[in-house]
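**Student:** Pasting a structure below so you can have a look.
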Amino acid sequence: MPRSIVPSNAPETAFSAERAARHIKAMSKTIHPSGSPEIKLVKNYVTSQLTALGLEFQIQTDSAKSRYEANKNIELNNIIARIKGTKKGKALLVLSHYDSAQYSYGAADDASGVASVLEAIRAHLSTGKKALNDIIILFTDGEEQGLLGAKLFANKHPWAKEVGFAINLEARGTAGPSFTLVETNNGNANMMALYTKAGLKYPLGTSLFYSIYKRMPNDGDSSVLREKLDIDGFLFAFIDEHHNYHRPSDNYEHTSLKSVQHQGFYLLPLIEVCANTDLAQIKTKNDVVFFNIPVIGMLKYSYGLILPALFLSIIVFIGLLFYGFHLNKLSWKAIGIGFLVFLLGLLLSGGIGYLGVKLFPDLNASRFPLYGHLYTLAFVLICMAIYMQLLAFGCRFEAKQTSYLVAPLLFWILLNIPIALYLKGAAYFIIPVFCALISLLLMIKTNKPTLLSTTVLAVPMLVILAPMIKFLPLAIGPRLILSSTLLITLIMGLLTSVLTQYAYKRKMSLALLVLGLAVLCYIKIISS
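The sequence shown begins at 1 in UniProt numbering and counts up one residue at a time.
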């Protein structure tokens with residue numbers, strides 16, 4: 001996520017969140033659900049901005065039943081514009097909705113999306129270059145009433161059948177980084193090739209979310225296009241500070257301009273690439289696993305490598321077991337103690353997560369709470385303390401601590417079997433397994449591997465797995481804090497080669513426990 005925003009005095013060809021902020025402020029002065037007098041003011045503002053860009057627009061009008069008021073029909077007004085390209089072919093669709101929820105000012109959801117589209121189109125036009133493909137701009141009405149505007153466009157507008165690819169901007173909170181979600185009924189390989197070609201700053205997304213998203217009922221304008229017209233596309237959404245979602249606190253003051261800038265860093269480069277690509281060639285049956293690494297960016301590889309990687313990890317694991325026993329670096333007793341430490345750690349961390357949801361009402365809610373990240377931090381610290389204490393206890397009974405890595409490795413390899421078969425988007429979890437296998441090899445070959453070497457191998461594990469601790473409860477719901485407490489124990493198991501080298505495990509355990517309890521006390525103080 002960008003640390004700063006691009007100012008309004010930046011070159012005209014750049015996307016500036018500060019320029020987009022003017023649109024957000026203008027559109028979120030009042031609560032403006034579909035059918036209200038206030039939404040007409042927003043419609044007039046948006047159309048005036050399209051006119052200022054030199055674009056002609058049309059209003060697609062219809063009526064539908066209100067979700068909020070029984071026996072009342074509301075008027076729908078989709079705002080549509082088109083930038084002609086130099087060639088005939090499939091068009092690029094860029095869309096957001098301009099209606100707010102019933103009690104929300106709709107600054108983030110989704111004035112920020114409309115503002116980002118207006119700013120990106122302005123920057124695109126300022127280059128003076130004509131794209132190959134037509135660019136259709138769609139601002140839907142009635143999204144909060146049941147995706148009515150998207151359905152109206154898909155069912156009744158002649159341009160809908162000309163769309164080859166769509167980019168949708170959304171928000172389920174008022175801050176945080178913007179996530180990449182892939183909308184397709186087919187494979188994602190060609191879409192991710194476009195994503196890579198765009199050279200995006202701060203890419204964020206994983207094929208794990210892609211796999212989960214495809215299996216869940218989805219509620220967004222781009223899902224209507226995918227389901228009704230088989231249109232592939234990207235959905236970009238920021239979801240932090242979810243406690244503001246659909247509430248009066250979704251206002252201009254709470255909307256993070258860094259999040260808006262992140263949206264712009266996606267949108268403008270993708271418009272330039274997609275508008276100059278043959279969109280009829282996007283569809284494919286091929287899928288790729290993808291995930292992002294800070295500094296490096298988005299990495300991807302074919303689904304075809306998933307099973308070979310899994311089989312290789314199994315073969316290497318079995319080979320290392322034989323090698324370790326041959327060199328007398330592994331023993332069944334030590335492996336047994338390692339299993340006891342690891343399984344007891346999982347059991348206790350699962351219990352901590354379960355009790356947390358039961359004891360703290362904020363965590364037993366449908367939306368991520370105000371202090372959700374602090375709750376996650378507190379329970380993760382407590383679980384880390386428990387695991388360090390268990391590891392310290394185990395190390396008192398057995399000198400062959402190399403054996404303690406066997407149980408976590410076996411668990412992770414077994415976990416990757418159903419992943420490889422049923423949740424292929426998470427198959428990149430095999431990469432930390434290979435890092436841990438190399439650590440096991442170092443522990444077997446040397447009497448004591450250097451802390452530097454094991455720490456270097458720990459970095460990919462942490463970079464790939466640790467973000468899930470934060471993002472799973474945020475994306476799916478606070479009850480998923482249980483997943484965070486389990487995941488930290490699974491990660492610490494893979495880090496055994498590092499953790500066993502610390503001489504003061506008990507002191508570290510105590511420090512982590514005190515920190516975790518202190519965070520819980522802090523939440524209690526500030527929330528009261």
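Every residue gets a Cβ at the ideal spot worked out from N, C-alpha and C, and that includes glycine.
(1) Taking Cβ to Cβ, would you say Ala189 is nearer than 7 Å to Thr277?
(2) Please identify the residue among Ile74, Pro2, Ser313 and Tyr266 whose C-alpha is closest to the C-alpha of Gly176.
(3) Return yes when the Cβ of Arg226 is within less than 7 Å of the Cβ of Glu183, no when it is not.
(4) When the Cβ atoms of the stretch 342-354 are set against those of the stretch 480-498, are three or more pairs found closer than 8 Å?
(5) What three-state label does DSSP hand Phe15 in the structure shown?
(6) Work out the CA separation of Asp62 and Leu95 for me, nearest whole Å.
(7) Report all residues from its chain with a CB closer than 6 Å to the CB of Ala131; omit the five preceding and five following residues, and keep chain order.
(8) Taking 8 Å as the cut-off, does the stretch 88-108 touch the stretch 26-36 (at least 3 CB pairs, one atom from each stretch)?
(9) Tell me, to the nearest whole angstrom, how far the beta carbon of Arg352 is from that of Ile382; I am working on the premise that it is less than 8 Å.
(10) Using three-state DSSP, classify residue 555 as helix, strand or coil.
(11) List the residues that DSSP assigns as beta-bridge partners of Ile135.
(12) Do you know how far the Cα of His23 is from the Cα of Leu257?
(13) With distances taken from CA atoms, which of Leu512, Ser528 and Val433 is nearest Leu494?
(14) Should Phe290 be labelled buried (16 or more other beta-carbon atoms within 10 Å of its own) or exposed?
(15) Should Ala385 and Ser509 be called a contact, given that it needs their Cβ atoms to be closer than 7 Å?
(16) Among the residues of its own chain, which have a CB less than 6 Å from the CB of Gly350, if the five just before and after it don't count?
(17) Do Tyr266 and Leu200 have their C-beta atoms within less than 7 Å of each other?
(18) Taking the alpha carbon of Ala475 as the point to measure from, which residue in Ile5, Glu241, Cys395 and Ser116 has its own alpha carbon closest?
(19) In whole angstroms, what separates the C-alpha of His262 from that of Leu268?
(20) Near Leu348, which residues of its chain fall below 6 Å by C-beta distance, leaving aside the five closest residues on each side in sequence?
(21) Keeping to the same chain, check which residues put their C-beta closer than 6 Å to that of Leu437; ignore five residues upstream and five downstream.
(22) With C-beta atoms as the reference, is Leu235 less than 7 Å away from Leu181?
(23) Label Asn9 either buried or exposed according to how many other C-beta atoms from any shown protein chain fall within 10 Å of its C-beta, with 16 as the threshold for buried.
(24) Please list, in chain order, all residues of the same chain as Gly146 whose beta carbon is under 7 Å from its beta carbon, the five residues on each side excluded.
(25) Let me know if Cys521 comes out buried or exposed under the rule of 16 or more other beta-carbons within 10 Å of its beta-carbon.
(26) Would you decide whether Ala154 is buried or exposed? Buried here means 16 or more other CB atoms lie within 10 Å of its CB.
(27) Measure the alpha-carbon distance for Ile59 versus Tyr252 and round it to whole angstroms.
(28) When you compare each of Gln49, Leu93 and Ile526 to Asp232 by their alpha carbons, which one comes out closest?
(29) Would you kindly check if the distance between the Cβ of Asn77 and the Cβ of Asp141 is under 7 Å?
(30) Assuming the contact rule is C-beta atoms closer than 8 Å, Leu138 and Ser178 should be a hit. Round their C-beta distance to whole Å, please.
(31) Let's test the definition: count the other Cβ atoms within 10 Å of the Cβ of Gly319 and tell me whether it reaches 16, buried, or not, exposed.
(32) Taking the DSSP output, what are the residues bridged to Met298?
(33) Going by alpha carbons, who is nearest to Ala378 out of Ser366, Val514, Gly264 and Val463?
(34) Alpha carbon to alpha carbon, what distance is there between Leu374 and Glu119?
(35) Closest to Pro473 by C-alpha separation, out of Ile431, Val519, Gln501 and Gly372, would be which residue?
(36) Can you grab the Cα-Cα spacing for the pair Phe360 / Ala518, in whole Å?
**Tutor:** The structure says:
(1) The sequence position of residue 189 within the sequence shown is 189, counting from 1. The sequence position of residue 277 within the sequence shown is 277, counting from 1. Their beta carbons are not under 7 Å apart, which means Ala189 does not touch Thr277 by this criterion.
(2) Position 176 of the sequence shown, counted from the start, is the residue given in the question as residue 176. Nearest of Ile74, Pro2, Ser313 and Tyr266 to Gly176, Cα basis: Pro2.
(3) If you number the sequence shown from 1, residue 183 lands on position 183. If you number the sequence shown from 1, residue 226 lands on position 226. For Glu183 and Arg226, yes; Cβs fall inside 7 Å.
(4) yes
(5) Your numbering for residue 15 matches position 15 in the sequence shown. The answer is coil: DSSP assigns Phe15 none of H, G, I, E or B.
(6) What you label residue 95 is simply residue 95 of the sequence shown in a count that begins at 1. What you label residue 62 is simply residue 62 of the sequence shown in a count that begins at 1. Cα-Cα distance, rounded: 18 Å.
(7) Taking the first residue of the sequence shown as 1, we reach residue 131 at position 131. Excluding positions up to five away in sequence, the list reads Gly85, Ala275 and Asn276.
(8) The stretch 26-36 vs the stretch 88-108: in contact.
(9) Walking along the sequence shown from the start, residue 352 turns up at place 352. Walking along the sequence shown from the start, residue 382 turns up at place 382. The sequence given here has Ile at residue 352, not Arg. 6 Å between Cβ atoms; contact.
(10) No answer is possible for residue 555: the residues shown for the chain start at 1 and end at 528.
(11) Locating residue 135 in the sequence shown gives position 135, where the first residue counts as 1. Bridge partners of Ile135: Ile83 and Leu92.
(12) What you label residue 257 is simply residue 257 of the sequence shown in a count that begins at 1. What you label residue 23 is simply residue 23 of the sequence shown in a count that begins at 1. Answer to the nearest angstrom: the Cα atoms are 12 Å apart.
(13) The residue labelled residue 494 in the question sits at position 494 within the sequence shown. Minimum Cα distance to Leu494 is reached at Val433.
(14) Locating residue 290 in the sequence shown gives position 290, counting from the first residue. Buried, because 16 or more other Cβ atoms sit within 10 Å of the Cβ of Phe290.
(15) Within the sequence shown, numbered from 1, the residue matching residue 385 stands at position 385. Within the sequence shown, numbered from 1, the residue matching residue 509 stands at position 509. Yes, they are a contact pair.
(16) As a first step, residue 350 is located in the sequence shown; it is residue number 350 there, counting from the start. Excluding sequence neighbours, Gly350 sits near Leu486.
(17) Looking up residue 266 in the sequence shown gives position 266. Looking up residue 200 in the sequence shown gives position 200. Yes, the pair counts as a contact, with Cβ atoms nearer than the cut-off.
(18) Within the sequence shown, numbered from 1, the residue matching residue 475 stands at position 475. The candidate whose alpha carbon is nearest that of Ala475 is Glu241.
(19) Position 262 of the sequence shown, counted from the start, is the residue given in the question as residue 262. Position 268 of the sequence shown, counted from the start, is the residue given in the question as residue 268. So the two alpha carbons sit approximately 10 Å from each other.
(20) The residue you call residue 348 lines up with position 348 of the sequence shown. Non-local beta-carbon contacts of Leu348 in its own chain, meaning distances under 6 Å to residues more than five positions away in sequence, involve Ile386 in chain order.
(21) Taking the first residue of the sequence shown as 1, we reach residue 437 at position 437. Cβ within range, chain order: Val316.
(22) The sequence position of residue 235 within the sequence shown is 235, counting from 1. The sequence position of residue 181 within the sequence shown is 181, counting from 1. Yes, the pair counts as a contact, with Cβ atoms nearer than the cut-off.
(23) Taking the first residue of the sequence shown as position 1, residue 9 is located at position 9. Under this definition Asn9 is an exposed residue.
(24) Counted from its first residue, the sequence shown places residue 146 at position 146. Correct list, in chain order: Arg67.
(25) By one-based count along the sequence shown, residue 521 stands at place 521. By the 10 Å Cβ count, Cys521 comes out exposed.
(26) On the sequence shown, position 154 is the one that residue 154 refers to. Answer is buried; the Cβ neighbour count reaches 16.
(27) Here residue 59 refers to the residue found at position 59 when the sequence shown is read from its first residue. Here residue 252 refers to the residue found at position 252 when the sequence shown is read from its first residue. Whole-angstrom Cα-Cα distance: 27 Å.
(28) As a first step, residue 232 is located in the sequence shown; it is residue number 232 there, counting from the start. Among Gln49, Leu93 and Ile526, the Cα nearest to that of Asp232 is on Leu93.
(29) Counted from its first residue, the sequence shown places residue 141 at position 141. Counted from its first residue, the sequence shown places residue 77 at position 77. Closer than 7 Å, so yes.
(30) Translated into the one-based positions of the sequence shown, residue 138 becomes position 138. Translated into the one-based positions of the sequence shown, residue 178 becomes position 178. That belief does not hold up - the Cβ atoms of Leu138 and Ser178 are roughly 19 Å apart, past 8 Å.
(31) Within the sequence shown, numbered from 1, the residue matching residue 319 stands at position 319. In the assembly as shown, Gly319 is an exposed residue. Its beta-carbon has fewer than 16 other beta-carbons within 10 Å.
(32) On the sequence shown, position 298 is the one that residue 298 refers to. Asn292.
(33) Position 378 of the sequence shown, counting from 1, holds the residue named residue 378. When only C-alpha atoms are compared, the closest one is Val514.
(34) Working through the sequence shown from its first residue, we reach residue 119 at position 119. Working through the sequence shown from its first residue, we reach residue 374 at position 374. For Glu119 and Leu374, the distance between alpha carbons rounds to 35 Å.
(35) As a working note, residue 473 is residue 473 in the sequence shown. Checking every option, the nearest Cα to that of Pro473 belongs to Gly372.
(36) In the sequence shown, the residue the question calls residue 360 occupies position 360. In the sequence shown, the residue the question calls residue 518 occupies position 518. C-alpha separation (whole angstroms): 16 Å.
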